[in-house]
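For reference, the structure discussed in these notes is given below.
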Amino acid sequence: MKLGNNIRRCRFDKDETAQQELANAVGVTRQTIFSIEKGKFVPSALLALKIAKFFNKAFEEVFYIIEEE
Amino acid sequence: MKLKMKLNTIILLIFSILTALCLFYMVFHVNTNLVDALNVYQAEFKTTQYLIAIAYFFVLIFHIWGIVYIFMHFRYFEKLKTLKIILLVIAVISLFSLGGEKVMIDEIAKQFKEGLPIPELNILNGLYVLNALFILSMLYLLLKTLKLFNYQSENSIPIDEKIFVIVQSLGVVAGVLGVLFVFHNIIFIDEVLLIDKYWVSLPFFLLFLTPYGLAILYWLSIKRKRNNWYDEKQLQDILKSSLITMLLSIPSVALFSLIKIPIQLYFVLFYIFLIILIFSSSTLYFFKLKDNY
Numbered sequence: 162m163k164l165g166n167n168i169r170r171c172r173f174d175k176d177e178t179a180q181q182e183l184a185n186a187v188g189v190t191r192q193t194i195f196s197i198e199k200g201k202f203v204p205s206a207l208l209a210l211k212i213a214k215f216f217n218k219a220f221e222e223v224f225y226i227i228e229e230e
Numbered sequence: 053m054k055l056k057m058k059l060n061t062i063i064l065l066i067f068s069i070l071t072a073l074c075l076f077y078m079v080f081h082v083n084t085n086l087v088d089a090l091n092v093y094q095a096e097f098k099t100t101q102y103l104i105a106i107a108y109f110f111v112l113i114f115h116i117w118g119i120v121y122i123f124m125h126f127r128y129f130e131k132l133k134t135l136k137i138i139l140l141v142i143a144v145i146s147l148f149s150l151g152g153e154k155v156m157i158d159e160i161a162k163q164f165k166e167g168l169p170i171p172e173l174n175i176l177n178g179l180y181v182l183n184a185l186f187i188l189s190m191l192y193l194l195l196k197t198l199k200l201f202n203y204q205s206e207n208s209i210p211i212d213e214k215i216f217v218i219v220q221s222l223g224v225v226a227g228v229l230g231v232l233f234v235f236h237n238i239i240f241i242d243e244v245l246l247i248d249k250y251w252v253s254l255p256f257f258l259l260f261l262t263p264y265g266l267a268i269l270y271w272l273s274i275k276r277k278r279n280n281w282y283d284e285k286q287l288q289d290i291l292k293s294s295l296i297t298m299l300l301s302i303p304s305v306a307l308f309s310l311i312k313i314p315i316q317l318y319f320v321l322f323y324i325f326l327i328i329l330i331f332s333s334s335t336l337y338f339f340k341l342k343d344n345y
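Line order of the protein sequences matches chains D and A.
Mapping of the first sequence onto this note's numbering: position 54 corresponds to residue 215, and the numbering continues sequentially without gaps.
Mapping of the second sequence onto this note's numbering: position 293 corresponds to residue 345, and the numbering continues sequentially without gaps.
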């Protein structure tokens, strides 16, 4: 199982928010946001909730589980 | 924060003009009054030599301060990125060259005393040109920064990511230079000379560490008031790098111990620089490169 996300889409929906802006808002580096978006880094529950809160969305609207065969 | 940066810029601007004058004084005396300037006969110190020593100290302090200032600039301003990267490279090379200048001065004084030709003087002047290039480029950056304060009243977003990358990059540079210098000394320098004069090479190792040390100190100074020193990805990358450092350093040190080294100090130096090299390069790889591809 992997953690998927809709951060890119959420950023686009929220006035095309820049990665740096999101990173500043949740207190991480831009590289971390980039890695999460690409699915290379799994954020902690706290960070994931902060990101969801930034977009005013429920956790599961931003993050979801990818079932692997 | 803005005030702190502005104050730093103004003080460093004045300091850079003083440093330029100091460098000019050094170059002028070395080229016109070599006997006094380099204390060729090593008799009692004269006023010129004291002034040159003070000027040299000024130039050294300016380099250290300049490097810290560039880190600060990276943190506060997005603009002038290319200039800052080029300037940081020049700063590090120019700082290393200060050590070379000291060796060169001793060599020139020795050869001049024995009546031998002194072609090293040209190299010394070349190194002074490098120092001058750094001072002038810093002046340019400082003047540009003062302009930025006028046009860009509020852009002080902490850009910690860049500082983190710079710290690791300088670690890689320091590590490579240190490891190469250890091998250079062991392979190319006479064993007896290496044992007797090991203290001559120590300042070079310290010089290699200086930019990295300054970068770390700057990182500590900006992070000391915060709870989180790293964000969670940086922390994860550092943990992975620590494991890799441990795994790679054990066989490397074991292999190095098979080489016959004349003095144990080089074992310690090799160990320190190898650790820095592996740790910084793997952290940089995990943080920046791995996820990009």
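No residue lacks a Cβ here, since even glycine has one placed at the ideal position from N, Cα and C.
Shown in chain order are the members of the stretch 277-305 of chain A whose Cβ falls below 8 Å from a Cβ of chain D: 280, 283, 284, 285, 286, 288. Annotation for residue 163 of chain D: no alpha helix (DSSP H) segment contains it, though the beta strand (DSSP E) segment containing it runs 163-166.
Annotated three-state conformation of residue 202 of chain D is coil, per DSSP. Taking the Cα of residue 322 of chain A as reference, the smallest distance to any Cα among A:291, A:191, A:332, A:228 is reached at A:228. Neighbourhood of residue 190 of chain D in chain A, by CB distance below 8 Å: 212, 213, 216, 283, 285, 286, in chain order.
For residue 147 of chain A against residue 262 of chain A, the beta-carbon gap comes to about 6 Å, under 8 Å, which counts as contact.
Residues of the same chain with a CB within less than 8 Å of the CB of residue 215 of chain A, apart from the 5 flanking positions on each side, are 123, 126, 127, 267, 270, 271, 274 in chain order. Identification of residues in the stretch 215-230 of chain D having a C-beta nearer than 7 Å to some C-beta of chain A yields an empty set. Sequence-distant Cβ neighbours of residue 144 of chain A in its own chain, meaning closer than 8 Å and more than five residues away, are 119, 222, 225, 263. DSSP places residue 282 of chain A in no beta strand (DSSP E); its state is neither H nor E. Every candidate beta strand (DSSP E) stretch fails here, since none sits fully inside the stretch 161-248 of chain A while reaching 3 residues. Runs of the beta strand (DSSP E) lying entirely within the stretch 62-108 of chain A, each at least 3 residues long, are absent. Against chain D, the beta carbon of residue 340 of chain A has neighbours under 7 Å at 192, listed in chain order. Excluding sequence positions up to five before and after residue 188 of chain A, its CB lies within less than 8 Å of the CB of 72, all in the same chain and listed in chain order. Contact with chain A is absent for residue 210 of chain D, since none of that chain's Cβ atoms lies less than 8 Å from the residue's Cβ. Assignment of residue 256 of chain A by DSSP, reduced to helix, strand and coil, places it in the helix class.
Residue 226 of chain D carries a strand assignment under DSSP once its states are collapsed to helix, strand and coil. Taking the Cα positions, residue 170 of chain A is about 21 Å away from residue 76 of chain A. Under the three-state reduction of DSSP output, residue 189 of chain D falls in the coil class, being neither helix nor strand. By the 16-neighbour rule on beta-carbons within 10 angstroms, residue 253 of chain A is buried. At a cut-off of 8 Å between C-beta atoms, residue 173 of chain D does not count as an interface residue with respect to chain A. Cβ-Cβ separation between residue 159 of chain A and residue 172 of chain A: approximately 5 Å, consistent with a contact (criterion under 8 Å). When rounded, the separation of the alpha-carbon atoms in residue 290 of chain A and residue 216 of chain D is 29 Å. Here DSSP, grouped into helix, strand and coil, assigns residue 326 of chain A to helix. The alpha carbon of residue 99 of chain A has as its nearest neighbour, out of A:168, A:81, A:112, the alpha carbon of A:81. In summary, residue 206 of chain D is exposed, with fewer than 16 beta-carbon neighbours lying within 10 Å of its beta-carbon over all protein chains present. Its chain contains 226, 229, 230 as the residues whose beta carbon lies nearer than 6 Å to that of residue 260 of chain A, once the 5 sequence neighbours on both sides are disregarded; these appear in chain order. Taking C-beta separations shorter than 7 Å and ignoring five residues to either side along the sequence, residue 295 of chain A has no partners in its chain.
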